[in-house]
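When you read off a place in the sequence shown, starting at 1, and then add 3, the result is the number in my numbering. Heads up, the beta-carbon is just placed ideally off N, CA and C, and yes, glycines get one too. Since the structure comes first, as structure tokens, the remarks are kept for the end.
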Amino acid sequence: MPKLGHSDFDLKLGNGVYLRGSVEGVPIAFTADTGSSRTIIAHSVYSQIPECKRPVLKGSAPLMGAGGSPIRDWGTARFKSLLGQRGAAVRCCNCRDRGPGAVGVRCPSGQ
């Protein structure tokens, strides 16, 4: 599995780990969130995807913010995504804007 290079990270955004990428061709800076089990994109990013490429949102996913408050979502769908130079089809939740996007990263305990 190829590793992400230094140029794949955006260090100008402040504290945190941010990955440059795109969702259905729309540029985005993802936040790497080790406490998240889902990948989230903001509704404003979803709205920028051309309608002919925009996945249809279905269902809903129970989401909670870091403080335990519920986060309303508009549904989930599979999106063609790039993280750095790596492409993947990722199931994402579409939520009201709290930043452009967050990538759920699972870390083994103790690391």
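Residue burial is scored here from C-beta neighbours: E54 has fewer than 16 other C-beta atoms within 10 angstroms and is therefore classed as exposed. Boundaries of the beta strand (DSSP E) around V26: Y21 to V26. Around the C-beta of S84, 16 or more other C-beta atoms lie within 10 Å, and the residue is accordingly described as buried. The criterion of a C-beta distance shorter than 8 Å is satisfied by A35 and V20. Take T79, set aside five residues on each side of it, and the residues of its chain with a beta-carbon closer than 8 Å to its own are L60, K61, G62, S63, A64, R94, C95, C96 and N97, in chain order.
Under the DSSP assignment, V29 falls in the beta strand (DSSP E) whose first and last residues are V29 to D36. The shortest CA-to-CA distance from R41 to any of P58, I74, R23 and V48 is the one to I74.
In the three-state reduction of the DSSP assignment, V59 falls in the coil class, being assigned neither a helical nor a strand state. DSSP places S72 outside any beta strand (DSSP E), giving it a letter other than H or E. Under the three-state reduction of DSSP output, S40 falls in the coil class, being neither helix nor strand.
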